[in-house]
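Numbering (the working numbering), first residue to last: 4 to 430.
Here it is in structure tokens:
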């Protein structure tokens, strides 16, 4: 087969009609849970000043260093396609004076992000992400609410055996001291580390804990744990989060090596994972944490925050690989067939009347052959076919054919919607 001249770019993909129900299911689930918890939807531009991510996400993070699509405009501005949405939402919070609103401000989003990373199964350069963000509140109960909402979304999407990987990474008071301790530990093992981690040792040793390279994983097993070096404020905050999780009977696992890959995180960080039947852990389905300094870093007033995000494509791919189908829209019970130009025009009007009556009708308006149209109705498994020919169009009548019995009935065109309601039991 000849290769098409134009194809999707590497790392991008089409969401085809057969996949749309899965994406809509995720969207509707997120929307319903957000609405129940009093979150309001926000949409931010997919393009922002690159400096927003340099300051917010962090200059030395993989997202900014290796994965951000950034370029200069014709006017010379350095801009970037958003690699994540927390920083743009914090920017919007500042720009629109949301600190003047009753606090906290609760927002949710659903939209595309862009990262220039090596494409692999479930990972794309353009992908969709959803999430919940709470700004303007430092109370640890918000951490628990965000975690609860994450579990709610995944349970609604039929994920089972979920557990929470949890850690605290401290704040600006206790983290600098811990970084020195950590750097001392890794410095003596520098020769056994991957090239990226050798660089991270100078820039941010905390991020070595996030490395997925096997040799670095072996080294970090005996590394000091930040939970042993938290300041009083961070320790108290994390203690309250854990106590609430116990009260809610949420399954969690303390993971001292969980740091997340973004610089804006403080205190609580978490990932929601699923335990498979084989006992192995999938990658994170949703992940997030607290970012108490982000708004201030971006030039706003002090406004602590907490949020979570999930990758839509990853979740959809997992749902598709499981038994049970996503519910599709109700199928049409009526087929509208026509013969002749006048009949076509009248059928267009009749189709709209059925839409207003909330009755799904299938059609083949582009076909002229009645035989072809009846064959299409039969393939769709539709029992009742309305046939409007030239003669019926002139007489304001229409033929109702029962495909199971073969019987035909003449109906008045003005009464057809009412008669069909009786046939299919529609009120």
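Quick reminder that beta carbons are idealized off the backbone N, C-alpha and C, glycines included. The structure presented is a predicted model; accordingly, all values stated were derived computationally and were not measured.
The beta strand (DSSP E) enclosing residue i, as first and last residue numbers
i: residue 168; result: 165-171
i: residue 229; result: Neither: residue 229 is in no beta strand (DSSP E) and is coded neither H nor E.
i: residue 411; result: 411-415
i: residue 256; result: 255-257
i: residue 261; result: Segment: none, residue 261 is in no beta strand (DSSP E) and carries neither H nor E.
i: residue 366; result: 364-366
N-terminal and C-terminal residue of the alpha helix (DSSP H) that residue i is part of
i: residue 115; result: Element bounds for residue 115: not the alpha helix (DSSP H) but the beta strand (DSSP E), 108-117.
i: residue 52; result: Not the alpha helix (DSSP H): residue 52 falls in the beta strand (DSSP E), residues 50-52.
i: residue 346; result: 344-359
i: residue 396; result: 393-398
i: residue 10; result: Here residue 10 belongs to no alpha helix (DSSP H), and DSSP marks it neither H nor E.
i: residue 248; result: 235-250
i: residue 317; result: 315-323
i: residue 419; result: 419-427
i: residue 375; result: 373-382
Identified DSSP bridge partners for residue i
i: residue 309; result: 137, 293
i: residue 405; result: 387
i: residue 275; result: 167, 289
i: residue 130; result: 116
i: residue 151; result: None; residue 151 has no bridge partner.
i: residue 338; result: 365, 388
i: residue 123; result: 126
i: residue 303; result: Looking at the DSSP assignment, residue 303 forms no beta bridge with any residue, so it has no partner.
i: residue 269; result: 293
Distance between beta carbons of residue j and residue i, contact taken as under 8 Å
i: residue 45; j: residue 92; result: 6 Å
i: residue 122; j: residue 13; result: 6 Å
i: residue 238; j: residue 181; result: About 13 Å separates the two Cβ atoms, so there is no contact after all.
i: residue 400; j: residue 365; result: Rounded, the Cβ-Cβ distance is 21 Å, inconsistent with contact.
i: residue 204; j: residue 221; result: Wrong, their Cβ atoms sit about 16 Å apart, outside the cutoff.
i: residue 211; j: residue 223; result: 7 Å
i: residue 218; j: residue 197; result: 6 Å
i: residue 261; j: residue 255; result: About 11 Å separates the two Cβ atoms, so there is no contact after all.
Closest by C-alpha distance to residue i, when choosing among the options
i: residue 306; options: 394, 147, 107; result: 107
i: residue 17; options: 80, 103, 115; result: 115
i: residue 437; options: 275, 386, 251, 243; result: Here the chain covers residues 4 to 430 and nothing more, so residue 437 does not appear.
i: residue 245; options: 151, 85, 38; result: 151
i: residue 294; options: 342, 135, 73; result: 135
i: residue 153; options: 29, 117, 131; result: 29
i: residue 87; options: 380, 363, 371, 265; result: 265
i: residue 296; options: 11, 59, 119; result: 59
i: residue 299; options: 102, 110, 291; result: 102
i: residue 339; options: 324, 406, 325; result: 406
i: residue 111; options: 128, 118, 38; result: 38
i: residue 370; options: 382, 343, 349, 393; result: 343
i: residue 319; options: 129, 27, 420, 425; result: 27
i: residue 130; options: 43, 214, 315, 392; result: 315
i: residue 118; options: 9, 250, 160, 72; result: 72
i: residue 188; options: 227, 54, 109; result: 227
i: residue 57; options: 195, 85, 324; result: 85
i: residue 241; options: 142, 161, 374; result: 142
i: residue 253; options: 147, 326, 351; result: 147
i: residue 139; options: 149, 8, 104; result: 104
The ligand COA heavy atom lying under 6 Å from the CB of residue i
i: residue 320; result: With respect to the ligand COA, the structure offers nothing, as it holds no ligand at all.
Contact with chain C by residue i, beta-carbon distance below 7 Å
i: residue 298; result: The question asks about chain C, but that chain is absent: this structure has only one protein chain.
Whole alpha helix (DSSP H) runs in the segment 181-216 with 4 or more residues, listed along the chain? 198-206
Identify every run of the beta strand (DSSP E) within the segment 20-105, keeping only runs that are complete inside it and at least 3 residues long; order them along the chain. 50-52, 73-75, 81-84
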